[in-house]
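In numbering that gives the first Met the number 0, the protein residues as written are 0 to 120. Just so you know, even glycine gets a beta-carbon here, dropped at the ideal spot from N, CA and C. None of the values given here were measured: they were computed from a predicted structure. What follows is one structure encoded as structure tokens, with my remarks underneath.
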Amino acid sequence: MTGIDQAHDMPRLNREKLNEIKEIMGDEIQDIVSEFSRIAPNALATIAASLQSNDTERVFVEAHTLKSSSGIIGLSRFSRLCAILEVQARNNDMVKAENQLQLLNTELPIGIDAINIMLRK
């Protein structure tokens, strides 16, 4: 089973979580989303470099960080894909991890767009 198979039934956004943090943070939620949008591609690039150097510990740490931060802002599918990458890194399954990274690179901009659309409502 691939990463997307394990996450396809997961909604892209956890709207309740996003609304909850929006209520708490007010307009600052946009700053949080913007910051996540800025740092997440760098973390994915670090994961790619770490996969090339076979640094599974670094892959795990970056995936864990992305999992947590994306979950906080309601990116439930992206967060689930990161959780799968964590397991792959722990299992030293670098081939699956590289495929997972491709899924993450595809999902990130789609998820960020979905959040920004929801925040404009």
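What are the boundary residues of the alpha helix (DSSP H) that residue i is part of?
i           : result
residue 103 : 93-119
residue 37  : 27-51
residue 13  : Careful: residue 13 lies outside any alpha helix (DSSP H) and carries neither H nor E.
residue 70  : 55-71
Which residue wins for smallest C-alpha separation from residue i, given the options the options?
i           : options             : result
residue 54  : 114, 88, 12 and 119 : 88
residue 43  : 22, 113, 116 and 98 : 98
residue 41  : 64, 9 and 120       : 64
residue 46  : 120, 104 and 111    : 104
residue 114 : 69, 91 and 86       : 69
On the criterion of 16 or more Cβ atoms from any shown chain inside 10 Å, does residue i qualify as buried, or is it exposed?
i           : result
residue 23  : exposed
residue 101 : exposed
residue 116 : exposed
residue 67  : exposed
residue 0   : Interpretation of residue 0 is limited by its pLDDT of 45, a score under 50 that renders its predicted location unreliable; the figure taken from the coordinates is listed afterwards. With fewer than 16 Cβ atoms within 10 Å of its Cβ, residue 0 is classed as exposed.
residue 79  : buried
residue 27  : exposed
residue 109 : exposed
Spell out a yes or no on whether the region 61-75 and the region 15-22 are touching, meaning 3 or more CB-CB pairs, one atom from each, closer than 8 Å.
Short answer: they touch.
Would you call the region 28-37 and the region 80-96 in contact, with 3 or more CB pairs under 8 Å?
Taking 8 Å as the limit for Cβ pairs, the verdict is that the region 80-96 does not touch the region 28-37.
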